[in-house]
Structures are given as C-alpha cells and as structure tokens.
Amino acid sequence: MNAIGQPISRLEGRLKTTGAARYTADLPIADVVHGVIVQSTIANGRMVSIDTGQAEKAPGVLAVFTHRNLPRMNPTPKPWSHLHPHGQSYLPLQDDRILYADQPVALVVAGTRDQAAYAGTLIGIKFESSPPAVFGRQAAKEAVEPPQFLWPVASSVGNAEQAIADSPVKIEQTYSTADRHHNQMEPHATTAVWDADGALTLYETTQHIFGTRELVSMVLGIPQEKINVVCQFLGGGFGGKAYVWPHTLIAASAAKVLNRAVHVQLTRAQMYSMTGHQCASIQAIRLGADRNGKLNGIRHDSITPSSMFDNYIEYAALCPRSLWAATGGIATNHKIVHVNRNTPTPLRAPHEALGNFALESALDELAYAIGVDPVTVRLLNDTEIDPESGRPFSTRAMRKCLIEGAARFGWEKRTPEPRSMRDGRYLIGQGMAGAIYTHWRWPAQARVTLRRDGSALVEAGSHELGTGTYTVFRQIAADTLGLPPEKISVRIGDTRLPRSHASIGSATLANAGASVMLAAKDVRDKAIALAASGKLVAPHRNPEVSYDELFARNDVDSLVGEGNYDPSPEGSKATFSFSALFAEVRVDPDLGTVRLNRFVGAYDCGRVINPKTARSQAIGGIIWGVGHALTEQSETDPTLGRFVNRNYSGYLVPTCADIPDLDVLFLGEFDGEASPIGAKGLGELTSVAVAPAIANAVYHATGKRVRDLPITIEKLL
Amino acid sequence: MTTTYPAQAQSDGRTDVCMTVNGSPRTLRVEPRTTLLDALRDELGLTGSKKSCDRGECGACTVHVEGRRMLSCMSLAAMHGSHRVTTIEGLESDGDLHPLQEMFIEHDGFQCGFCTSGQIMSAAAMIEEAKAGWPSAATVDVTEPFTIADLSKAEIRERMSGNLCRCSCYPNIVAAIAEVTGRR
Amino acid sequence: MHQFTLSRPADISAAIAAHAQDAHAAFIAGGTDLIGLMKDRATLPERLLDLNRLPDMSYIDAPAGGGLNIGALARMSDVAAHFEVRSRFPVIAESLLFAASGQLRNMATIGGNIMQRTRCAYFRDEDDLPCNKRRPGSGCSARFGLNRNHAIFGWSDDCVATHPSDLAVALTALDAHVLVRGPGGQRSIPFAEFHRLPGDTPERDIVLDRGDLIIAIEVPARAEGRASHYFKLRDRQSYEFALVSAAAAITADGGLIGSARIAMGGVAHKPWRLTAAEAALRGVSLDDTDALKAAITASFTEARPLEHNVFKVELAQRVALRALETAGARL
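Chains as they are written, first to last, in my numbering: chain E, 617 to 1333; chain X, 5 to 188; chain L, 25 to 355.
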C-alpha cells in the first residue's frame, strides 16, 4: 500500500472544481472596507503637491492616505537581498520622491471598491518630472558591478580566456531576453484585520507566510507574535508572491489607523508596477571547443537592470557554472544597470531560464559550426563532477534524459540541415536543449496528529499555489504512517502552524515534504512505543490492530509527532535537477508565425512522489517556456519609462490553442542527498531550456538564428 | 418614452435587480455600475467566479446567462433583470459533480484552481454550442455543417482559448473535456 | 467605475430621443468594449441607455435574392453560426469566429462590434497618458513611442492607431451598408464611409452624430460572396486582436480573376480597402503567385510605416495574398 509514486488526484480537487476553495479575496471578513491604490503617472521626479480634498469628500470615502499622513515605517536592513522577504527596499508612501512609473502614491479607503476607485481619480497631483532611465543596449554600457546578492557575482574555474583563445572552434554571440511579468491569474490581494489587543491578522496572497510576518513585524514595528498571516489557497505564485509588496504594508498601516479591516486587491495593470517582474537581460557568451564539440572554455557575461534603490541581480550567467564540463575553464560575471523601475524579482524559472537560453543556443550554434549532432555535443560534455565546486553530483541523469528523450522524440529521424524538413507550406524544425536547476535546502517544521479513529492531520506552515502541496503531504504522511491516503487531512497556510519556508525555488516537496515525513515518523514511533508498552504490534505493522484499539487500551485520544527538518546548507555532494528537452515547431515561412507541434521533456527531479501532479507541473513549465520563447514581453516606452502593455490582451501568455499534447518522462531516481524523501526540485526546472529548444528548432526550420527573445513574427521575415 | 430601469432607484443610488441564480430567485441590491461579477461575489457570496483581469481578457469570471457562457466582469448586473444565471456553484446537481468537474479532477485539469470555475463553466456551454452546430475558427470549412462528432481536440483547444490558465494546464483541460465529449 | 445611471428605452424612437438630447448619454448593448473603456476611464458617460431589450433588432435575414440583413443587436455568435451567413459569405462568419472568445461573441453585438475603439495601449491606459483620441490636444504617445501594432496607412501626426474590428474588415470588402436612424430619420451609410481617418480629429472614430443609432447591417448580394475568406495573423494562435488581417472575396472565370474585393485590418485607423490592387487583379490567374503579388503591391506604394512596424508593409501584402488564395480555393 504505497501512496508515494501513485498518480493520486488532488486532495482539494472537489473544492477547486466547485468554486468552494476560498482564495484571499473570497474570504468573508466582517465590516471590511476597501482600499484602492493610486499610482504615479510619471517614472522619475517628485510630487510638488497632492490635493486629496475632493477625494475625501467623495461618496463612501473614509480616508485618503499619502506620504503626508501614513505613519512612518521602519526601513528594512541593508544590504538588501532577495532571500529577504521584502520585494523591494523602498518603502511606500513615505516621501515625495517618484522613482518608477506607477509607483503607489496614495491609498483611498471607502465602503466599496467602486467608491474608492472613483475617489482615487479625484486626487490631484502635480509632478516635477525628469526623463527616466530605461534599460537597453545603450544603458548596458553603463553597467556596474553589484554587491553579492545570492551566489557570488563572478566565478572563475581554470582559465577560460586562455582555453577559448587556444580552441580551434570559437562561438561568440550576444543574446537577449525581454522583461516579463508573472501575471498570476489571481491578482495580489491583502486584508488586514487588527483586533482590540493590537494583534494583526493578514489574509494575504503569498508564497511565504512566515516571511510576510517577519517583514511586516520589522517595518510596522510590532512583535511577530502579534501577527498572523493566512493563505490557504493561492491563485498562482511563480515567485511573484514570495515577497512583501507595497500594497500589503500600506493596507496594514491604514487598517491600524482606521481601526477597520481593510481589503486591497491590485488591478491587473497595477500588478505590473506594484509587484515584481523578471528583468530583461543582455548576455554575451563565448565558447571554445575542439572540432568534435568538446568544450574547452566557456565565458558568460550578463547585464540586467535593477531599480534605482536595490541591487537586484538576475543570475543569468549561473548555468554554465555547473551544467557542462569545460576542461580549460569556466568564467562568469554579472553587472547591473540602475533604471527607473520597480525592483525585479524571481519569476519561474529565475536565473537559469534566461541564462540557459543563451548557453543552449550557443551550444546549438557550436553543433552547427562543426557539423555534429546537438545531442552528441551534449553527451560529449556531460560530467559526473560539478565543474564549479569539484564535488560529484548526488544524482545526475542527464545522459539518460538525453538518450531516452531523444528516443521518445524520434530524434534519429531528424535531418540536420536547416530548412530540410517540411509539412505542406510549413517548415518543420526540431531543436533540443539541456537544463539545470538549483536545489535549495531550507529548514522546515511540521506536526502530525494521529487520532483514535485512525485518521491523521498534517499541519505545516507551507503553501498551496497549484503545485499540489496538500496532496503530496497527504501521500508522504500516508506511507509513513501506513494509512490509506484518504485518512490523512492537511492544514497549511497559517503562521499559527509549524514554521516552514517560502514555497519558491521548487523547494517545497524536498524540504517541507521532508518535515512532514519526520513528523509522521515521530508520531509513528510514539504509537510503536505505546504499542510496545501495551505489548501490541503497532498498527502500521499489523493491520489486524487498529489505532482505535491501541488508543482505547491506553486511554489516549491522539498522539502528536513533530518534524524538524534542518538540512545543512551544503550537502557533501552537488545537487541539481536536470532535463533534456526536445521541441518540434512549424514555421510559416511567408508569415513568420511559429507554432509548437510537439514536445518531449525528459526530467531528472529525483524520486517522483505523485506522477499526476508532477506531470502537470512539467506541462505547465513547458508552456511557460513557450511563452518565454514566442510571445511574452513587457514593453517599456522609451520616453515615458513605463510598462505599456499592462494587461492580458497586450501581454500575451499562451492560450489553449497554442499548445499541443505534451510528452513528459521522469527519469530520475531516489536522491537521498537532496532530501530524505528522495525528491529534487521540478517546477522551475521544467521551464528552463524550453526557450532555447524552441529557438534551436526555429533555426533548424528556417536557417535563421534568433538571439533575442521573444521570437516574434518580424524576426523571421 | 424611456423607462428608467430598474424603476425603483433607492436613496443610496442602488436598485433592486431580480434574477434567477442557480435555480433560485434572488434580489440583488446594486448600483448601476456594479458588474454582474461583483454582484455575484459581493452581494450573493458566490465567490467561485473570479476577478482576474476585469477586462474580458482571461475568462476566469465565466458564468452562464440564459444558458450561454458570458464574462460577468464585462456586464452590468442591472442589465440582467429576470435573467437565468448559473455559476460554478450551481453546476452540481443533488450533490453530484457535473461530469466535467469529475474529469477535471481525474485529468488534473487545474493546478492553482483560480481559473478553474471559468474553465469548467466555459466548457459546459462550449459543448452545447458544438451540439447546436456552431463552427469555430478551427473548423476546416465553415460552409459545411458542423456536428458534435466534429469536435476534435483542435476544436476544443480553439473554443477554450478564451480561458487563460497561467499554471498552463491546457493539455489536461483538453483531455478532461475530450473525455466528457467522448473524443479521446 | 464612475457613477452613472442606467435606463432602458422602450423602443428605438425613445432610445434615439434620449441619446439626442443628452451630450453625456451613451448606448450600451453587449458592453464588451464600453465597459472596458469606462473601467479604463477612456470614456465617462453619465447615462447609459440599455438597448438589449429593444424588440426586433436581433434578426438575421437571408433574403431569397441573396445578401443579408442583420439587426444591430444580433450577437456575434449567432451571426457566425447562421448557416446562410456561412454559405453566402464565409468571410463574415470567419471574421467573427476569429475575433475575441466564445464568451465575448455571445455578448457582443454586430452594431457594437463595428463601433469598437482602438486597442492602442496608450489610448486605453488608465493613467490617462498623452493621447489625442482620449484627450484631444494632449499629443500622441505612439507616434514616437511603441508603435508595432499601429498604422501603416492613412495615419496623421495626431494619431497612428488602428481599428480593431475583424468584422468591419469583411464588411468593408463586401461594400456593406450601415443602416442608421437618427433624430432626422433613417439613412444608409456605405461601409467604407462609416469609419474615419484620424486627421486632426482622432477623437472621432466614425461618422455617427449624437442621437444616431445603428439599426442594421445590410450586405447586398455579391457575386464574390461565396468565394471569400478572412485571414487573421496574430502573435498567438487565438484570442488576440489582429497584427494584420485581410478579407478577400473573388469571382473567377476559367481560373482568371473576374473581380476581387480585398480589405485589410490592423493597418489603418479604418478597415483599409486595396482598391488599386483590386483593379490590378482583374484577369490575373489565381495560379500565378508572382502576378498576384505584383497586383497586390499596387496598393502598397502609399504605405508609410512607423519606427516599429516597417515589417508590416511586406507582411500585409503576404497576408492579402494568403487571403486571396484561400478565397480562390472556395471557387
């Protein structure tokens, strides 16, 4: 009776398909009033004056908050880092400066959302405006070295420069990617409720309840024990809800002043400036190789924009540090440019998805330069030792992914010559790429309560954002306790539960999942001890004995187990997830349209706990990659310095009609170094290297190498 | 002659609109500017229909009005007096899930679930449209009659394209619908 | 949204009278464009006149002698599904089916469809950016801003926006008529004259005056109707406004084009008729791609692309060719 490894349907399936799952904006809150944020219409300058008189007199309005009357907030510590739960260090409504377009400048609170929104339009602001700094190839020339942020900014193993210089084959190209937004279906929302004792409950759209609590505690100056953050269902996160954004701080502060529950939901357009985004990148790659395709040296330099006030680095040059062997040396570096925009933030999949586009495109260029099959080139450069750390990989099924993925795809039928495959009027292209994704190790706690009726309750302060957290926790507990999965219920998403980590970086299963397993083991051990004391065989070993009987004999109603997973930040081996991806596109050569025909993804994410939800993660990641490759870009007006296409009709995410059936293979094995449950990260991995696989397929179809994402029509005419 | 509708505007600018929601007669007290979506969510507590784009660009607010799928964010509640409105909360019958709901669970046709109400409501009406012989942009030749037997996966994909899913569960959504319509 | 009143005129005359006497009144039917414009504060009517229950305005008539008469309140989905529409003018059915989504087509009306306002992002931005169409005299942000989706024909320095309706492109090609009733009575407006070029008054998209109500669309019998096609090019497969589109309808005799009607979307402030190309196509063989291309080029000598849409000049010609060839396959 193993639940783990079974394609079990989601625990919360009925709630989600009947409309009964309550997301943040769905929760009924007594006497709630509605806040609407008013934003700056300029990108750089200051407010000379702000007139709120008319707005204050508008129907239903309770208050208007600006930098003049919102209580002062405590600054967050410098140097700021993105493992910190603050989306950006610049605090809202604290001064008259304008540092980016659509920056929050006021909050109107009224009885209804319509009343607040209308009153917001009555606020008169005079701006003093200066030309905004915007990112682009020109601005990139002014890039600066930032301080370290997550990983080291630069890396160097061996002598990459020399190795490239000495190589008979060199590839030297510049690649770029566009600004992108998470565009979760659920807009960010918060409801702040203070009670008579000065305790704050935040109903929050977050992937990080404990981080939200910490940050709000710090900024508003109230002890963490006085704050509770709740999020039981999240309508998509993708990194953009892992941090605290201005509207949450404004709402909490305003609610305290008003002594009323305040609800704020961002509009779709506001999500573009008031929450994070993935910044554009300009990446230079140099490869040196021999004539067979064996890499001697890799050099990867990335330039990305950040806000005027934070040193955010998108680690686009991270991938080559550990993906392929390059015997002579690997060197990487990052620079940033400060521009008038809000601070960028991780977006599925941060760092790797950008960098892999450049690296895997360059590898394809190498393969064509020497006339060697792209799969062969990658097999040739596969490595069992992490080039960056010199440590062996805990598990690395890259070779298997390449070989079995290629076989599933039918790669051997591909004719390598560009423009050599056709289907009627369409050019057919087949391309591939390999991917790597970081494995995170974070502490997590959980509690499992075993009840007399043979049911169990799992409790952990984790999150359900569509990844299947409820379901995999149920499976892990079921197997550990020897109970059928339907006997396990799960509570997550509340800071009153045992502390867990942010649900980011594909880390929840391996880390929070491990804490659930430990808690279940703990309670099982207690049951065994109880059974031993009563000379019984514990129920998980002997189905003849029921928990009811065991508990009754010992006059116990329930047993509680605690799980405290506290991994070392570094394992003894290098742990990453891997994949090999194969795409087939059809290109209309007259019209420049690219559509995906079919796709095979072969993944090494360690042990798969639930093949059904894992497959869903994979197809989701592939489709994110399709958007990355072909349609998604947040366009900045060069004069106004603002994102212009701030909606779903301007920012094009793939539709149902863009996506064929997708084929997914899981080829990993139990990785005990990664986690006691043997799993490595999957969600982010699946959207890494989709874009280069598609771009390489486009090259194969057309003979045109597009080095600037997205691959829009005009780039193929 | 122009009749102000609804005739009995109240002192707070709100008016009462009567409609049948999920089979029950309901009276909603709304302002003229209140969208059908806001009225369903805020006045009736039917929060299954979601506000995602609020501009008719995503489909998360899809409900049935007089049996047809519509976007409740782009319509005013006061325009729907006497109409029959069905939301996701009304799709079950006698506690039994609609076959689409069952198949969405079976095929994992959702992840975060935020678009799911709209997807299922859209699919339910889409199947009726296909049965009624409506063609689509995926129909090979619109001059030919269309029957439900022509509802291929390509047809389903096109007809479901008004419902965005950012978790990107499209292939599973199509599989769920295809199973319900008997097209595997 | 701002506050407004909503009333329901009892009949067409009452609707026209209510609109005519009130500079701040607006008609609402499907609402799928108007409500978005109000949410984005691009238009702020104080009184909405709900037309949805006006009697006898949702008809789709297919008279025995050919042609179509479509009531202004007919929904896009009903028109697209109507078998005579599909048989007589596939270009009309296709232009509707390639537009919006199933949900929106169930809501939006034919009259409202051709009155849609531009999707120019600057015009629609809730922050009230410089836009002469939104706020006359405030300037055109797109002229030197992001203008990939903007016009290559007929624009002015005051406005470079394009018209978003797919249906209007098909109706332009077919020389349909817009039946309009106003305070002064009823008139029939040739479709090509219904939409305006921006000139120095881009705030006016169409020629209607206050009190004018679209009653119906009339499509005369056209020999070209059956061999017609609407081709829509967009960056994703579905649910998107056109980057470039073309409606083509032809007759042919022995493989040679007798008459051709071509109009394009996504290229101008109004559906753009390729008049010169139509003349040049007469007598050209449908099998002679080079000759077809050469004839189409006749309409592109006057194209004036903007900074980001230079590619559209060539692309639009290829789209026109594709529409023409596909229409030809229906002969």
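Note that beta-carbon positions come from the ideal geometry of N, C-alpha and C, so glycine has one too.
Coarse secondary structure for residue i, derived from DSSP in three states
| i | result |
| --- | --- |
| residue 187 (chain L) | coil |
| residue 87 (chain X) | coil |
| residue 1048 (chain E) | strand |
| residue 740 (chain E) | strand |
| residue 283 (chain L) | strand |
| residue 951 (chain E) | strand |
| residue 6 (chain X) | Low per-residue confidence applies at residue 6 (chain X): pLDDT is 48, beneath 50, and the placement is therefore not dependable enough to give any value. |
| residue 1063 (chain E) | strand |
| residue 897 (chain E) | strand |
| residue 811 (chain E) | coil |
| residue 293 (chain L) | coil |
| residue 22 (chain X) | strand |
| residue 634 (chain E) | coil |
| residue 655 (chain E) | strand |
| residue 999 (chain E) | coil |
| residue 645 (chain E) | coil |
Below-9 angstroms beta-carbon distance, residue i vs any chain L residue
| i | result |
| --- | --- |
| residue 733 (chain E) | yes |
| residue 668 (chain E) | no |
| residue 1 (chain X) | No answer is possible for residue 1 (chain X): the residues shown for chain X start at 5 and end at 188. |
| residue 94 (chain X) | no |
| residue 74 (chain X) | yes |
| residue 58 (chain X) | yes |
| residue 25 (chain X) | no |
Within-9 angstroms CB hit, residue i to chain C
| i | result |
| --- | --- |
| residue 128 (chain X) | Absence of chain C from the displayed structure is noted, the protein chains being E, X and L. |
Residue i at chain E interface by Cβ criterion, 9 angstroms
| i | result |
| --- | --- |
| residue 78 (chain X) | no |
| residue 323 (chain L) | no |
| residue 127 (chain L) | no |
| residue 175 (chain X) | yes |
| residue 54 (chain X) | yes |
| residue 131 (chain L) | no |
| residue 118 (chain L) | no |
Same chain only: Cβ atoms within 8 angstroms of residue i, ignoring 5 sequence neighbours per side
| i | result |
| --- | --- |
| residue 191 (chain L) | 100, 116, 119, 120, 123, 134, 137, 138 |
| residue 1070 (chain E) | 1099, 1103, 1155, 1162, 1163, 1164 |
Residues sharing a beta bridge with residue i, DSSP
| i | result |
| --- | --- |
| residue 1037 (chain E) | E:1044 |
| residue 797 (chain E) | In the DSSP output, where bridge partners are listed per residue, residue 797 (chain E) has none listed. |
| residue 806 (chain E) | E:820, E:880 |
| residue 214 (chain L) | L:201 |
| residue 911 (chain E) | E:905 |
| residue 854 (chain E) | In DSSP, residue 854 (chain E) forms no bridge with anything. |
| residue 1 (chain X) | Any property of residue 1 (chain X) remains undetermined from this structure, which presents chain X solely from 5 to 188. |
| residue 663 (chain E) | E:743 |
| residue 843 (chain E) | E:816 |
| residue 1106 (chain E) | E:1074 |
| residue 917 (chain E) | E:900, E:949 |
Cutoff 6 angstroms; reference residue i; Cβ partners in own chain excluding five residues on either side
| i | result |
| --- | --- |
| residue 1406 (chain E) | Any answer about residue 1406 (chain E) is impossible in this case: the structure gives chain E only from 617 up to 1333. |
| residue 969 (chain E) | 1303, 1304 |
| residue 771 (chain E) | 937, 948 |
Integer-rounded CB distance, given that residue j should sit under 8 angstroms from residue i
| i | j | result |
| --- | --- | --- |
| residue 1254 (chain E) | residue 750 (chain E) | 6 angstroms |
| residue 780 (chain E) | residue 1077 (chain E) | In fact, because the Cβ distance is near 48 angstroms, the residues do not count as touching under 8 angstroms. |
| residue 356 (chain L) | residue 141 (chain L) | Examination of residue 356 (chain L) is not possible in this model, given that chain L is present from 25 through 355 alone. |
| residue 871 (chain E) | residue 805 (chain E) | Going by Cβ atoms, the distance from residue 871 (chain E) to residue 805 (chain E) rounds to 14 angstroms, so no, they are not a contact pair. |
| residue 1122 (chain E) | residue 1300 (chain E) | 4 angstroms |
7 angstroms Cβ shell around residue i - same chain, five flanking residues per side excluded
| i | result |
| --- | --- |
| residue 1174 (chain E) | 1065, 1066, 1067, 1068 |
| residue 79 (chain X) | 39, 40 |
Beta carbon proximity, residue i to chain X, threshold 9 angstroms
| i | result |
| --- | --- |
| residue 358 (chain L) | In the structure as shown, chain L begins at 25 and stops at 355. Residue 358 (chain L) is therefore absent and cannot be evaluated. |
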